[in-house]
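**Q**
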Amino acid sequence: MRLFYAYVLTAMISLVGPAVSQDIVLGLSKQEIGITAFFDGSEILIFGAVKHQSEASSEGDLDVVVTIASPRSPVTVRRKEKRLGIWVNVDALEVDLAPSFYAVATTRPFDEVVSQASDLWHQISVRQLIRAVSVPVAVENPEEFTEALVRVRENDGLYQTLSGAVTLQDQTLFSTSVSLPSNLVEGAYTARIFLMNDGDVVSEYQTSIDVRKVGMERWLYNLAHERPVVYGLLSLAIAIFAGWAAAAAFRAVRG
Amino acid sequence: MGLCGAMNIYLPIAEVSVNAFVLLGLGGLVGVLSGMFGVGGGFLMTPLLFFIGIPPAVAVATEANQIVASSFSGVLAHVKRRNVDFKMGGVLLIGGLIGAAVGVLVFNYLKSLGQVDLLVKLCYVIFLGVVGGLMFIESLRALRKSKRISASKFRKKRTWIHALPLKMRFRVSGLYISAIPPVLVGIVVGILAAIMGVGGGFVMVPAMIYLLGMPTKVVVGTSLFQIIFVTAFTTMLHATTNYTVDMVLAVLLLVGGVIGAQFGTMIGAKLKAEQLRILLALMVLLVCAKLAFDLIVQPSELFSLGTVGGH
Chain A
8 MRLFYAYVLT AMISLVGPAV SQDIVLGLSK QEIGITAFFD GSEILIFGAV
58 KHQSEASSEG DLDVVVTIAS PRSPVTVRRK EKRLGIWVNV DALEVDLAPS
108 FYAVATTRPF DEVVSQASDL WHQISVRQLI RAVSVPVAVE NPEEFTEALV
158 RVRENDGLYQ TLSGAVTLQD QTLFSTSVSL PSNLVEGAYT ARIFLMNDGD
208 VVSEYQTSID VRKVGMERWL YNLAHERPVV YGLLSLAIAI FAGWAAAAAF
258 RAVRG
Chain B
13 MGLCGAMNIY LPIAEVSVNA FVLLGLGGLV GVLSGMFGVG GGFLMTPLLF
63 FIGIPPAVAV ATEANQIVAS SFSGVLAHVK RRNVDFKMGG VLLIGGLIGA
113 AVGVLVFNYL KSLGQVDLLV KLCYVIFLGV VGGLMFIESL RALRKSKRIS
163 ASKFRKKRTW IHALPLKMRF RVSGLYISAI PPVLVGIVVG ILAAIMGVGG
213 GFVMVPAMIY LLGMPTKVVV GTSLFQIIFV TAFTTMLHAT TNYTVDMVLA
263 VLLLVGGVIG AQFGTMIGAK LKAEQLRILL ALMVLLVCAK LAFDLIVQPS
313 ELFSLGTVGG H
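In the order they appear, the protein sequences are chains A and B.
Using this note's numbering, you'd call the opening residue of the first sequence number 8 and step up by one each time.
Using this note's numbering, you'd call the opening residue of the second sequence number 13 and step up by one each time.
#1: Got a sec: is the Cβ-Cβ distance from Gly46 of chain B to anything in chain A below 8 angstroms?
#2: Which residues in the same chain as Phe237 of chain B place their Cβ atom closer than 6 angstroms to its Cβ, once the five residues preceding and following it in sequence are excluded?
#3: Taking the continuous alpha helix (DSSP H) assigned at Phe214 of chain B, which residues delimit it?
#4: Along the segment 237-253 of chain A, what residues have a CB closer than 9 angstroms to any CB found in chain B?
#5: Would you say Ile93 of chain A reaches chain B, if we count a Cβ-Cβ gap shorter than 8 angstroms as a contact?
#6: Nearest by alpha-carbon distance to Leu264 of chain B: which of A:Val260, A:Gly250 and A:Ala254 is it?
#7: Spatial neighbours of Val157 of chain A within its chain, please: CB distance less than 7 angstroms, with the 5 preceding and 5 following residues excluded, ordered by chain position.
#8: Quick one: list the residues of chain B neighbouring Arg85 of chain A, beta-carbon separation under 7 angstroms, in chain order.
#9: Would Ala253 of chain A pass as a contact of Val270 of chain B if the rule is Cβ separation under 8 angstroms?
#10: How many Å lie between Ala304 of chain B and Ala69 of chain B at the Cα?
#11: For Gln78 of chain B, which residues from the same chain have a beta carbon less than 6 angstroms from its beta carbon, with the 5 sequence-adjacent residues on both sides left out?
#12: From the beta carbon of Ser190 of chain B, is the nearest beta carbon of chain A less than 8 angstroms away?
#13: In terms of residues, what are the limits of the alpha helix (DSSP H) holding Pro194 of chain B?
#14: Bridge partners for Glu50 of chain A per DSSP, in chain order?
#15: Does the CB of Ser185 of chain B have a neighbour CB from chain A at under 8 angstroms?
#16: Taking only runs of the alpha helix (DSSP H) that begin and end inside the segment 41-88 of chain B, which ones reach a length of at least 4 residues, in chain order?
#17: Whole angstroms is fine: what's the gap from Gly34 of chain A's alpha carbon to Leu240 of chain A's?
#18: Give the residues of chain A in contact with Thr247 of chain B, contact being defined as C-beta atoms less than 9 angstroms apart.
#19: Just to confirm, is the Cβ distance from Val221 of chain A to Ile75 of chain A under 8 angstroms?
#20: Taking the alpha carbon of Phe98 of chain B as the point to measure from, which residue in B:Ile199, B:Ile239 and B:Leu307 has its own alpha carbon closest?
#21: Alpha carbon to alpha carbon, what distance is there between Val242 of chain B and Val103 of chain B?
#22: Between the alpha carbons of Glu313 of chain B and Cys135 of chain B, how many angstroms are there, rounded?
#23: Alpha carbon to alpha carbon, what distance is there between Met278 of chain B and Met48 of chain B?
#24: In whole angstroms, give me the CA-to-CA distance for Leu38 of chain B and Met295 of chain B.
#25: Report yes or no: is there a C-beta of chain A within less than 8 angstroms of the C-beta of Gly17 of chain B?
#26: In chain order, what residues of the same chain lie with their CB nearer than 6 angstroms to the CB of Lys229 of chain B, ignoring the 5 residues before and after it?
#27: DSSP three-state call for Arg93 of chain B: helix, strand or coil?
#28: With a threshold of 6 angstroms on Cβ separation, who are the neighbours of Gly54 of chain B within its own chain once the five nearest residues in sequence on each side are excluded?
#29: Specify the secondary structure class of Gly268 of chain B as computed by DSSP and reduced to three states.
Written as structure tokens, this is what we have:
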């Protein structure tokens, strides 16, 4: 119910507010990331300009928020408890869809830039994003589980909050860079740029970055999934050959 | 970046990037053990792969493929020295394949209960503890009196095993026993191998020595011979049902592994049988202690994440 009111509230605000007075022109350093065998993460530069359409409307200070999200997949969060002297998984919560990577970069600290209502409506922080898709089930406090999901992934550097990482010049030119980790999952990544004024979203822009395996990585992945028997036999053949080659080499060395 | 950064390799199936030297080193370490003791080394490698961030399903499947390579490399050296009892290996293998098939069924059943991780770990702790403990005590005793009495004495003891029907002659092992115990040993090891994601050598080697009464020299080669086929079978099962065999990961591990296995065989040939057994026992106990410790001590993070299903 609380959620519903918040929706209505933000919907009203965005209707009343200066919704289309500012627009974004965006550039990305790359629209496509190819995962090769030596792929070791990637830095992506996001830059752009705010197009002011009417001088009068831009009274307040503008802020820019940039988010990058990987494709989402289901995750099971399990909780351990001590039973009979050992630590065992006692209950679990399934989060329907959570990104494996999520970064949010802002011009100033997140809480100062994004109001709770905006976060709720646009799902800007990763917590909101996950909370929105996790269905309350037979677990006592699901909040604890979603919070743990965020915490674990934050510790692994997969969820990043980059306060002050966006630079905004003369209220017009903005830029930020986000480093993507090396253990990227394939798919269409979504980059969103929010123009914020006093905690509210003034303008939103969305684009996608294609992350895909290329070359040998692509070939092996396809083979493993499309012709698993051939792939399995090839793996075994390599193993047998390598085993034989090493034995032969050692025999030659020892005479 | 630097050199370390430049040597990172992205694994196409595991979908993570890892340092190539770390994988080569791990492969080499496990290869040495494989050649020395006739164990696949999976019981050591699989947890190590978890530790460096390889998804468990990929680690278990790829490890099977890697064991094929290091066992093959190791067995060739033993064949040269006529240390492989092919007949015994064949009988064990029949049991092994039956066991592996049963093991996969058991594994899937446990998975449906949702506690498979815990049961696999408990399996590890119990079996490593029992096997390691027994071997350690026996080896210590043997080492103490090896000066005067030959260790082969205890092999000649007649047990219930000699009363069973279907007797076969195993010339290389110098045994004339029923085929039933080796088949049963094969089945038990096959089940364990499938559930625990290992070749099962650490259970098989002691079983061959203490239950079947095979000479230690022959045990290692014969165990490796049998492991090749069981792990090849497991690799194919994983590759065709779960798509979790990572060829790039396997190649990196096995390059280190096959070289290590050759060194391991050389080291093993120089050590006395009792010394070999006591070292294996210590290693098994060490891994057991580590796993038990992890189950008992409160983890720093009580929550863990798992992706749902495979692809």
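Just so it is clear, CB atoms sit at the ideal spot from N, CA and C, and this is done for glycine as well.
**A** So, to answer that:
#1: It is Ser, not Gly, that sits at residue 46 of chain B in the sequence shown. Taking Cβ atoms only, chain A never reaches closer than 8 angstroms to Ser46 of chain B, which makes this a no.
#2: Val87, Val96 and Gly101
#3: Segment Gly213 to Pro218, the alpha helix (DSSP H) holding Phe214 of chain B.
#4: So the close ones are Tyr238, Gly239, Leu240, Leu241, Ser242, Leu243, Ile245, Ala246, Ile247, Phe248, Ala249, Gly250, Trp251, Ala252 and Ala253.
#5: Chain B contact via Cβ: present.
#6: Among A:Val260, A:Gly250 and A:Ala254, the Cα nearest to that of Leu264 of chain B belongs to A:Gly250.
#7: Val133, Arg134, Ile137 and Tyr166
#8: Phe315, Ser316 and Gly318
#9: yes
#10: Distance between the alpha carbons of Ala304 of chain B and Ala69 of chain B is about 22 angstroms.
#11: Closer than 6 angstroms at Cβ, skipping near neighbours: Ala262, Leu265, Leu266 and Gly269.
#12: no
#13: Ile192 to Met208
#14: A:Ser186
#15: In terms of beta-carbon proximity, Ser185 of chain B stays away from the interface with chain A, with every pair separated by 8 angstroms or more.
#16: 54-63
#17: Cα-Cα distance, rounded: 46 angstroms.
#18: Gly239, Ser242, Leu243 and Ala246
#19: no
#20: B:Ile239
#21: In this structure, the CA atom of Val103 of chain B is about 13 angstroms from the CA atom of Val242 of chain B.
#22: 23 angstroms
#23: 8 angstroms
#24: 16 angstroms
#25: Residue confidence is low: Gly17 of chain B scores 45 on pLDDT, short of 50, so the model does not pin down where it sits. Its coordinate-derived value is still stated next. Chain A contact via Cβ: present.
#26: Asn95
#27: Coil, per DSSP.
#28: Glu75, Ile79, Val210 and Gly211
#29: helix
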